[in-house]
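Numbering (the numbering used here), first residue to last: 2 to 438.
All C-beta atoms in this analysis are idealised placements derived from N, C-alpha and C, irrespective of residue type, glycine included.
Small disclaimer: the values here were computed from a predicted structure and weren't measured.
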Ligand code: ASP
């Protein structure tokens with residue numbers, strides 16, 4: 002039996018937090034693979050080491066700003082390193098400082114140094130071997146290359162106990178490449194896969210997954226189980242549970258994930274399973290969440306149903322400008338594309354509408370901004386009578402105007418488009434009527 006434990010930034014933000022996590026590791030001999038984040042925030046208003054490293058990179062030619070920022074990192078690590086008196090923290094920091102200031106190090110390399118140093122320190126404290134993620138995690142064309150990663154991992158001794166830095170690997174040219182922010186969760190899955198673990202424990206600073214963000218709903222209910230499919234929908238729709246790509250490396254050979262609280266390890270947490278085993282009506286809804294700042298582009302064309310290749314022509318324009326479409330809805334004579342506002346990087350939203358009008362022979366193209374998509378996620382929602390009625394009733398009673406709705410037969414989500422400003426009140430209203438009732 003082997004377990005991979007991934008500890009998040011808050012769990013490792015200070016010396017005593019790290020000691021608490023190491024106690025957790027030592028309490029179960031199956032916990033042989035430990036994946037760590039960089040130190041996170043110790044208190045409100047504090048800054049994460051990864052953010053400080055980012056600022057160091059940006060200001061690497063401004064000596065005064067660089068020194069001030071780097072000394073904040075030195076303080077954090079020096080305090081942590083006190084738990085391993087033999088650890089050469091000053092030398093390690095000196096090397097990193099020089100790498101940022103005087104070498105050609107790229108941004109990803111600089112960002113990765115928080116995880117790197119934390120893993121080295123924690124390995125020394127636990128007496129585990131430090132295994133750098135660059136030894137086996139491979140990227141190709143900017144994406145995780147699982148085939149190459151598995152091949153590299155074949156050479157590693159799987160019987161050892163390792164501490165592995167999360168968040169990065171190397172690309173085709175041997176340069177450090179990071180996942181997107183929060184990516185240590187993905188490293189946990191990669192490690193689970195290549196080392197053949199039976200369990201992935203993701204240790205964080207909350208007791209598990211909540212139906213709604215506790216910041217929006219005080220006393221939000223915790224869920225005991227979530228399916229892989231539900232987790233994907235949740236992360237995609239803005240619930241900050243795990244990184245949205247966490248499941249990719251373990252999708253083929255699924256193992257259970259459990260979200261646990263390193264500050265409260267006795268609590269049972271939330272299990273994430275390929276398929277839920279508990280699907281009572283009480284647990285049917287696992288998440289009410291949402292994201293704002295979407296745009297909606299509506300294309301109308303009379304007799305659209307008879308136009309061969311019309312959709313292809315329209316989507317080709319999105320592709321050309323590298324604009325990722327989040328959701329599509331279609332009616333008899335119209336098509337709707339929902340796109341996150343941040344996607345308009347190469348071209349502005351207004352100009353994109355103009356290009357679309359030139360390239361697609363439509364009767365009309367309308368663009369809307371400031372749309373929020375609210376998602377209700379759960380098990381077999383389309384098979385339950387009255388869920389939609391309750392949702393709409395809740396929204397009506399709190400004065401939220403529904404602009405669009407989408408529910409597919411087989412999936413586990415209902416997506417509702419509302420005005421940006423109604424996202425929070427919409428989530429709260431649905432939670433009150435469907436969960437608290
Ligand atoms: N340290 C990185 C971040 O703050 C990666 C991680 O913690 O997963 O995003």
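Within 8 Å, strictly: CB atoms of residue i and residue j
i: residue 357; j: residue 417; result: no
i: residue 421; j: residue 214; result: no
i: residue 300; j: residue 335; result: yes
i: residue 267; j: residue 225; result: no
i: residue 206; j: residue 38; result: no
i: residue 186; j: residue 7; result: yes
i: residue 58; j: residue 5; result: no
i: residue 256; j: residue 199; result: yes
i: residue 413; j: residue 380; result: yes
i: residue 178; j: residue 171; result: yes
i: residue 129; j: residue 169; result: no
i: residue 235; j: residue 290; result: yes
i: residue 223; j: residue 209; result: yes
i: residue 296; j: residue 242; result: no
i: residue 249; j: residue 229; result: no
i: residue 121; j: residue 93; result: yes
i: residue 165; j: residue 132; result: yes
i: residue 149; j: residue 141; result: yes
i: residue 288; j: residue 212; result: yes
Limits of the unbroken alpha helix (DSSP H) element including residue i
i: residue 98; result: 90-103
i: residue 152; result: 147-154
i: residue 23; result: 16-27
i: residue 137; result: Neither: residue 137 is in no alpha helix (DSSP H) and is coded neither H nor E.
i: residue 237; result: 229-237
i: residue 383; result: No alpha helix (DSSP H) holds residue 383; DSSP gives it neither H nor E.
i: residue 251; result: Counting along the chain, residue 251 falls outside any alpha helix (DSSP H), and DSSP gives it neither H nor E.
i: residue 312; result: 311-321
i: residue 360; result: 350-360
i: residue 110; result: 108-127
i: residue 273; result: Note, residue 273: premise wrong, no alpha helix (DSSP H); beta strand (DSSP E) at 271-274.
i: residue 180; result: Segment: none, residue 180 is in no alpha helix (DSSP H) and carries neither H nor E.
i: residue 11; result: Careful: residue 11 lies outside any alpha helix (DSSP H) and carries neither H nor E.
i: residue 74; result: 64-82
Boundaries (first-last residue) of the beta strand (DSSP E) holding residue i
i: residue 291; result: 286-301
i: residue 330; result: 328-331
i: residue 397; result: Element bounds for residue 397: not the beta strand (DSSP E) but the alpha helix (DSSP H), 388-398.
i: residue 6; result: 4-8
i: residue 279; result: Counting along the chain, residue 279 falls outside any beta strand (DSSP E), and DSSP gives it neither H nor E.
i: residue 170; result: 169-171
i: residue 259; result: 258-262
i: residue 1; result: Nothing can be reported for residue 1, as the shown portion of the chain is limited to 2 through 438.
i: residue 164; result: 163-166
i: residue 205; result: 200-205
i: residue 413; result: Note, residue 413: premise wrong, no beta strand (DSSP E); not H, not E.
i: residue 59; result: Careful: residue 59 lies outside any beta strand (DSSP E), inside the alpha helix (DSSP H) at 50-59.
Residue burial classification, residue i (beta-carbon count within 10 angstroms, cutoff 16)
i: residue 40; result: buried
i: residue 91; result: exposed
i: residue 1; result: Here the chain covers residues 2 to 438 and nothing more, so residue 1 does not appear.
i: residue 89; result: exposed
i: residue 156; result: exposed
i: residue 246; result: buried
i: residue 263; result: buried
i: residue 203; result: buried
i: residue 116; result: buried
i: residue 269; result: exposed
i: residue 196; result: buried
i: residue 109; result: buried
For residue j and residue i, the rounded distance between their alpha carbons
i: residue 82; j: residue 65; result: 25 Å
i: residue 184; j: residue 374; result: 24 Å
i: residue 397; j: residue 125; result: 58 Å
i: residue 36; j: residue 394; result: 45 Å
i: residue 71; j: residue 139; result: 29 Å
i: residue 362; j: residue 429; result: 42 Å
i: residue 54; j: residue 114; result: 8 Å
i: residue 100; j: residue 19; result: 26 Å
i: residue 194; j: residue 277; result: 21 Å
i: residue 344; j: residue 376; result: 20 Å
i: residue 78; j: residue 433; result: 44 Å
i: residue 387; j: residue 435; result: 10 Å
i: residue 2; j: residue 372; result: 47 Å
i: residue 317; j: residue 118; result: 45 Å
i: residue 21; j: residue 261; result: 13 Å
i: residue 174; j: residue 48; result: 32 Å
i: residue 33; j: residue 309; result: 56 Å
i: residue 62; j: residue 68; result: 10 Å
i: residue 369; j: residue 320; result: 20 Å
i: residue 51; j: residue 14; result: 12 Å
Heavy atom of the ligand GDP within 7 Å of residue i beta-carbon
i: residue 51; result: Ligands displayed in this structure: the ligand ASP; the ligand GDP is not among them.
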